[in-house]
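The C-terminal position of the sequence shown is numbered 289 in UniProt numbering, with every residue numbered one higher than the one before it. We treat Cβ as the ideally placed atom computed from N, Cα and C, and that holds for glycine. It should be emphasised that the depicted structure is a prediction, and the values quoted were computed from it without experimental measurement.
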Amino acid sequence: MSNLHTIFKALSESQQGNIFYYPNGGNAGDALIDMGFYTLAQQFNLKFSLISQDKISQLKDNDIVLIGGGGCLVPEWNSTPNFLKALINLNLKLKLIILPHSIRGIDELISNLPEDSIIFCREKYSFEYCQNISNAKAVYLADDMAFCINPMQILTSNPHFKIKLTSKNIIRKILINFHRLRALFTSQINAMRTDKESNQNLNVKRSLANDLSLVASFGTDNYQASLYSAKQFLKLIDLYEEVKTDRLHVAVGAYLLNKKLSIYNNGYYKCKGVYEQSMSHSNNVTFIE
Numbered sequence: 001m002s003n004l005h006t007i008f009k010a011l012s013e014s015q016q017g018n019i020f021y022y023p024n025g026g027n028a029g030d031a032l033i034d035m036g037f038y039t040l041a042q043q044f045n046l047k048f049s050l051i052s053q054d055k056i057s058q059l060k061d062n063d064i065v066l067i068g069g070g071g072c073l074v075p076e077w078n079s080t081p082n083f084l085k086a087l088i089n090l091n092l093k094l095k096l097i098i099l100p101h102s103i104r105g106i107d108e109l110i111s112n113l114p115e116d117s118i119i120f121c122r123e124k125y126s127f128e129y130c131q132n133i134s135n136a137k138a139v140y141l142a143d144d145m146a147f148c149i150n151p152m153q154i155l156t157s158n159p160h161f162k163i164k165l166t167s168k169n170i171i172r173k174i175l176i177n178f179h180r181l182r183a184l185f186t187s188q189i190n191a192m193r194t195d196k197e198s199n200q201n202l203n204v205k206r207s208l209a210n211d212l213s214l215v216a217s218f219g220t221d222n223y224q225a226s227l228y229s230a231k232q233f234l235k236l237i238d239l240y241e242e243v244k245t246d247r248l249h250v251a252v253g254a255y256l257l258n259k260k261l262s263i264y265n266n267g268y269y270k271c272k273g274v275y276e277q278s279m280s281h282s283n284n285v286t287f288i289e
């Protein structure tokens, strides 16, 4: 049993404090991460409540807070570092567990965690950073949470989720239909990221229409929203036989669906590290520096 599974088992048997899960808001890749958490929670019969920064005052001594996995504890993003800072400022005796993450450039936060804290890193570069900087009780290496999902189970699911009728969601639906048509004529997609975490030294064509993590981003507020987004995301990836991407969870989704996959690095070592940790053994996967 892995360290991550051991923690989930121990939490499910714990009699101390309430358990809260903080899902990282974000795109369809974050929905895939959330589904990894929900999969393990169901597997170990873990009882928990969702928490957000505006509900943080309900926490009390001995409560357990799990921060969803991902790549949000870096200087490029504010939401999760702000939540972590608010947790620290409560000065409560909390048990904090940061689920498999890429972490860098937040020295002050990561070195002032609650005393009973555990960090899971999803690649060796963050693991080494946290070992050197963090005051956590324990730091472990683990696969990204999205590797815990059963993709076929998500693809055949029936989410109870009503899409909000917004202009962005209408565009997303149009783009999903565009890809259904596009895939009739080509089996390959360059699904490159178009945000501030992209690698500016990479000379590739970038298109919002092909940034699948954004196209399938219908929400991560709760289980049903994450399930719907994750299903749409995997369906998009599954339209193609060959995927080239610097989006980590496009890569993870393609890997889980047994696609021919080329991974490019993002603006830092996230894609490279997770490839080395979890996908380098596959003959279907190539990493391009």
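Check	Outcome
Beta carbon of F48 nearer than 8 Å to that of F8	no
Cβ-Cβ separation, Y129 to residue 377 (assumed contact under 8 Å), whole Å	Within the shown structure, residues of the chain are numbered from 1 to 289, placing residue 377 beyond reach of any answer.
Alpha carbon of L92 to alpha carbon of D61, nearest angstrom	5 Å
Sequence-distant residues of its chain with Cβ nearer than 6 Å to T194 (five each side left out)	R206, L208 and D211
For I98 and I119, believed in contact at Cβ under 8 Å, the rounded distance	5 Å
In DSSP terms, what I263 is bridged to	T245 and F287
For H101 and S117, believed in contact at Cβ under 8 Å, the rounded distance	Incorrect: roughly 13 Å between the Cβ atoms, too far for contact.
Local conformation of K55 per DSSP, three classes	helix
Helix, strand or coil at L82 [DSSP, three-state]	Position check: residue 82 holds Asn in this sequence, whereas Leu was assumed. Here N82 sits in helix by DSSP.
Touching by the beta-carbon criterion (3+ pairs, under 8 Å), the stretch 32-40 and the stretch 139-158	yes
Which residues DSSP lists as bridging G70, in chain order	H101
DSSP state of K95 mapped onto helix, strand, coil	strand
Whether S278 touches R247 by CB criterion (8 Å)	no
Delimiting residues of the beta strand (DSSP E) encompassing N190	Q188 to A191
Continuous alpha helix (DSSP H) stretch holding L155: start and end	P151 to L155
Same chain, Cβ closer than 6 Å to K260, neighbours up to 5 away in sequence not counted	E242 and N284
Contact check, N135 vs L113, beta carbons under 8 Å	yes
Close-in-space but distant-in-sequence residues of the same chain around L109 (CB under 8 Å, 5 per side omitted)	L73, P81, L84, K85 and I88
Element boundaries [alpha helix (DSSP H), containing F178]	S167 to R182
For K231 and I154, believed in contact at Cβ under 8 Å, the rounded distance	5 Å
Residue environment, D221, which counts as buried when at least 16 other CB atoms sit within 10 Å	exposed
According to DSSP, residues forming a beta bridge with A138	I118
Own chain, CB closer than 8 Å to G26, minus 5 neighbours either side, in chain order	G70, C72, S217 and T220
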